[in-house]
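Chains as they are written, first to last, in this note's numbering: chain Z, -2 to 325; chain P, -2 to 325. Using N, Cα and C, we set each Cβ at its ideal position, and we do this for glycine too. Predicted model only: the values in this text are computed from it and were never measured.
There are 2 protein chains.
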Amino acid sequence: MTPDAQILRALRTAKTGAVSGTDLSQRLGISRAAIWARIEELRSIGYDIQAGPHLGYRLISSPDRLHADDLLSRLDPPQIIGRDIRVFQETSSTNDVVEKFGRDGVKEGVVVLAESQTKGRGRLGRKWVSQTGKGLWFSVLLRPDLRPSAATQLTAATAVALTEAIRQATSLQPDIKWPNDLLIGGRKIAGILTELSAELDHIKHLILGIGLNVNQDSGDFPPEIRRTATSLRLASGTMWDRADIAVAILVQLDRIYHRIKKQQFGAIAEEYERQCLTLGHRVMIQTGSRTIQGRAESLDADGALLVRTQHGRLERILGGDVTLEKSS
Amino acid sequence: MTPDAQILRALRTAKTGAVSGTDLSQRLGISRAAIWARIEELRSIGYDIQAGPHLGYRLISSPDRLHADDLLSRLDPPQIIGRDIRVFQETSSTNDVVEKFGRDGVKEGVVVLAESQTKGRGRLGRKWVSQTGKGLWFSVLLRPDLRPSAATQLTAATAVALTEAIRQATSLQPDIKWPNDLLIGGRKIAGILTELSAELDHIKHLILGIGLNVNQDSGDFPPEIRRTATSLRLASGTMWDRADIAVAILVQLDRIYHRIKKQQFGAIAEEYERQCLTLGHRVMIQTGSRTIQGRAESLDADGALLVRTQHGRLERILGGDVTLEKSS
Chain Z
-2 MTPDAQILRA LRTAKTGAVS GTDLSQRLGI SRAAIWARIE ELRSIGYDIQ
48 AGPHLGYRLI SSPDRLHADD LLSRLDPPQI IGRDIRVFQE TSSTNDVVEK
98 FGRDGVKEGV VVLAESQTKG RGRLGRKWVS QTGKGLWFSV LLRPDLRPSA
148 ATQLTAATAV ALTEAIRQAT SLQPDIKWPN DLLIGGRKIA GILTELSAEL
198 DHIKHLILGI GLNVNQDSGD FPPEIRRTAT SLRLASGTMW DRADIAVAIL
248 VQLDRIYHRI KKQQFGAIAE EYERQCLTLG HRVMIQTGSR TIQGRAESLD
298 ADGALLVRTQ HGRLERILGG DVTLEKSS
Chain P
-2 MTPDAQILRA LRTAKTGAVS GTDLSQRLGI SRAAIWARIE ELRSIGYDIQ
48 AGPHLGYRLI SSPDRLHADD LLSRLDPPQI IGRDIRVFQE TSSTNDVVEK
98 FGRDGVKEGV VVLAESQTKG RGRLGRKWVS QTGKGLWFSV LLRPDLRPSA
148 ATQLTAATAV ALTEAIRQAT SLQPDIKWPN DLLIGGRKIA GILTELSAEL
198 DHIKHLILGI GLNVNQDSGD FPPEIRRTAT SLRLASGTMW DRADIAVAIL
248 VQLDRIYHRI KKQQFGAIAE EYERQCLTLG HRVMIQTGSR TIQGRAESLD
298 ADGALLVRTQ HGRLERILGG DVTLEKSS
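Printed below as a string of structure tokens:
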């Protein structure tokens, strides 16, 4: 952990709410003057830190701005996801940054967040609107020991982890819309974009891209999605600390990835099925140039959707655009 | 086609063996002086072109060196594969170059050849030895409308196309060793490395990497592969014009890719099966951390290998290291 992360962690976890300069100096193994310089630096980027000769240092508030050291300071050491965190003010797309890390051989688990994306994207290159400072736009690099066709497991597991993190952090309960969206009250609050680089039988690296609407007001959305999109703020009536939400998500992602590695996808699929709007309903799915109609029955062992068509055949579907049909 | 490609094409196809400067000047729409300058340039890179006041220009010989314009000049306009050709003197790996083209949105069909690769690789990042000027090391960018799990079709089709091209150009008859090798006399002569970038249900781009040993003598191979590798030269006792071989391969690849696009993989799989050493035999396959033993029966509709295990179950295998077992 960097000195800034150590200082923020000490301030946040202080029993009395304050930590003395001497204490920080001893814990970090640097001089009190160096501590003072780091505190000044944190203040300059928006951390309100009070100091007094007898009070010690006290963290009053954090800026509404993502900061890698701050995120690291709030995480217990992750097994994989979140052990390395990078924050960009602006990127084309966090998936692009992580893709480059993937090619360059960076270790799995690195998380890249951006305050804004100039070319945020969803499935099939569709545009994803990423309003500066209003949401969480981030990507995770993974190197799972899976065949490409089992990558669907990770999209499903991410949906479950996101749902759980949002529930814990906000008490809101999102629904999962297969394959890669989270809805609240029927409106889209989050999307997942899974991309991979592979040989035929072997994933080289996989990128989980996540977009979550946090503090948008309805006027923040462009008119064409205003009626179909929502945010945690719109759904709850309160503003949220994006770093708190990010930390809750990273904790859940790290936990669920550990379960995937331990080949516990079966249990994750059951959790997915309980929270998924799509399952148990008659659906129409557009996938590539095909349209499939039938009843969405379950996820298979790879995370693909099994749809029973009107002819009684079971179709295995990896992705597509789903329309729920009115029950007859 | 560039002026150089047009000139080389005219010289190669001239009925009398020679073409006059006036004729070239008219065909290309540039001055005779400009034609002369292009001829001088071609001579400077090793083309032996005779010229005389009454003879016109005559191509005597080509250098043993790959040249994009020359390759283009020998191809009838391809449908997709080979409509754009780039030759590098040296790259890390032609797959890396094509991967970058893929990300940058270059149209499918571009072919990248290199005289030498500093980091040529095979499956699972294994080293591929690429002796400068001795073989064909190249990659093709494709954007097939296939699910990632059907990418195996392209490896199988490439093996069939390579086999056919080698047979036509040299009269040698290679065998296919599933999944991605060509053998002559039980020794490896070529390998195929298929890599892809994908979303869950959709290939964004796919790279076919091909390495073919052409003019190596046995001393050209490092000792560790000298007993298991061969070249067209070693198998036939003659040196080959690498450009001739490259052209034969590109023609077959373009043709077979057109068949894949027309969903004729079934017929391609039958050709594969006829030429494949692995099928019909008892095999042991190491794939990831699993070992599968059984009888290799056929390719399925995606190009995966179907193996009947001793328990009678049919296993579907996408890639791996195969050992043929002695028939009992």
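Query - Beta-carbon spacing of Z/Asp241, Z/Ala158 below 8 Å - result: no
Query raised in the report: For P/Asp172, which three-state DSSP category applies?
Result: strand
Query - Opposing strand residues paired with P/Gly206 [DSSP bridges] - result: P/Ser136 and P/Leu190
Query raised in the report: For P/Ala195 and chain Z, any beta-carbon pair shorter than 8 Å?
Result: yes
Query - Z/Glu268 versus Z/Ala243, Z/Gly285, Z/Thr288 and Z/Leu296, residue with shortest Cα-Cα distance - result: Z/Leu296
Report task. Please classify P/Ser215: is it buried, with 16 or more other beta-carbons within 10 angstroms of its beta-carbon, or exposed? Result -> The residue is exposed, with fewer than 16 neighbouring Cβ atoms inside 10 Å.
Report task. Step through the CB atoms of chain Z and report whether any lies within less than 8 Å of the CB of P/Arg120. Result -> Closer than 8 Å: yes.
Report task. With a floor of 4 residues, list each alpha helix (DSSP H) that falls wholly inside the region 89 to 171 of chain Z, ordered by position along the chain. Result -> 91 to 100 and 149 to 167
Requested in this report: Count the CB pairs spanning the region 101 to 109 of chain Z and the region 137 to 147 of chain Z that are closer than 8 Å, and state whether there are at least three.
Outcome: These segments touch.
Report task. Flag this pair as yes or no: are the beta carbons of P/Leu205 and P/Leu72 separated by less than 8 Å? Result -> no
**Report entry** Below-8 Å beta-carbon distance, Z/His51 vs any chain P residue
**Finding:** no
Query raised in the report: Any idea which residues DSSP pairs Z/Thr284 with across the strands?
Result: Z/Arg287
Report task. Kindly indicate if chain Z contains any beta-carbon less than 8 Å away from that of P/Ser146. Result -> yes
Query - Neighbourhood of Z/Gly14 by C-beta distance below 6 Å, restricted to the same chain and skipping five residues each side - result: In the same chain as Z/Gly14, and ignoring 5 residues on each side of it, the C-beta atoms closer than 6 Å to its own belong to Arg55, in chain order.
Report task. Go ahead and label Z/Ala34 buried or exposed: buried means 16 or more other beta carbons lie within 10 angstroms of its beta carbon, across all protein chains shown. Result -> exposed
Report task. Select from the region 260 to 287 of chain Z all residues with a C-beta closer than 9 Å to any C-beta belonging to chain P, and list them in chain order. Result -> If you check each beta-carbon in the region 260 to 287 of chain Z against every beta-carbon of chain P, the ones closer than 9 Å belong to Thr284, Gly285 and Ser286.
Query raised in the report: Anyone know if the C-beta pair for P/Leu226 and P/Lys174 falls short of 8 Å?
Result: The question names Leu, but residue 226 of chain P in the sequence shown is Ala. No, Cβ-Cβ distance for P/Ala226 and P/Lys174 is not below 8 Å.
Report task. Under 7 Å Cβ to Cβ from Z/Gly43, same chain only, skipping five residues before and after it: list those, please. Result -> In chain order, Pro60 and Arg62 place their CB closer than 7 Å to the CB of Z/Gly43, counting only its own chain and leaving out the 5 sequence neighbours on each side.
Report task. Round the Cβ separation of P/Gly300 and P/Ala111 to the nearest angstrom and send it over; I've been treating them as touching at under 8 Å. Result -> That belief does not hold up - the Cβ atoms of P/Gly300 and P/Ala111 are roughly 27 Å apart, past 8 Å.
**Report entry** Cutoff 8 Å: Z/Glu312 Cβ touching any chain P Cβ
**Finding:** no
Query raised in the report: Which first and last residues belong to the beta strand (DSSP E) in which Z/Arg305 is found?
Result: Leu302 to Thr306
Query raised in the report: DSSP three-state call for P/Gln213: helix, strand or coil?
Result: coil
Query - Separation of Z/Gln47 from Z/Ser194, as counted between CA atoms - result: 48 Å
Report task. Find the residues of chain P that neighbour Z/Asp1, judging by a C-beta separation of less than 9 Å, and give them in chain order. Result -> Those do not exist, as Z/Asp1 stays about 34 Å from chain P at its closest Cβ, beyond 9 Å.
Report task. Please name the residues in the region 170 to 203 of chain P whose beta-carbon is closer than 9 Å to at least one beta-carbon of chain Z, in chain order. Result -> Pro176, Asn177, Leu190, Thr191, Glu192, Leu193, Ser194, Ala195, Glu196, Leu197, Asp198, His199 and Lys201
Query - Straight-line Cα distance separating Z/Leu68 from Z/Ala7 - result: 13 Å
Query - Bridge-paired residues (DSSP) for Z/Phe85 - result: Z/Ala111
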